[in-house]
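Engineer:
As structure tokens, this is what we get:
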């Protein structure tokens with residue numbers, strides 16, 4: 008079970024990383040800024056969960 012969750016979190020972390028980078032590097036409107044903040048919050052949440060799942064000993068590297 009943990010392995011499936013770990014794979015899911017890795018995919019989510021990479022997906023949100025790309026999405027955040029795209030939004031940060033473009034001209035965005037107010038709604039998109041709100042979405043960006045929400046994406047960043049989810050991204051941080053996934054990072055925390057991933058670190059706790061793997062014991063917090065490995066460094067989390069994000070593929071972009």
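In this note's numbering, the protein residues as written are 8 to 71.
A virtual CB, placed ideally from N, CA and C, is assigned to each residue, including glycine.
None of the values given here were measured: they were computed from a predicted structure.
Relative to the C-alpha of residue 51, which candidate in 35, 31 and 20 has its C-alpha closest?
Structural biologist: 20
Engineer: Can you check which of these residues, 32, 24 and 62, is closest to residue 48 by C-alpha distance?
Structural biologist: 24
Engineer: Spatial neighbours of residue 43 within its chain, please: CB distance less than 8 Å, with the 5 preceding and 5 following residues excluded, ordered by chain position.
Structural biologist: 27, 30, 31 and 35
Engineer: Where residue 54 and residue 15 are concerned, what is the direct C-alpha to C-alpha distance, given to the nearest angstrom?
Structural biologist: 12 Å
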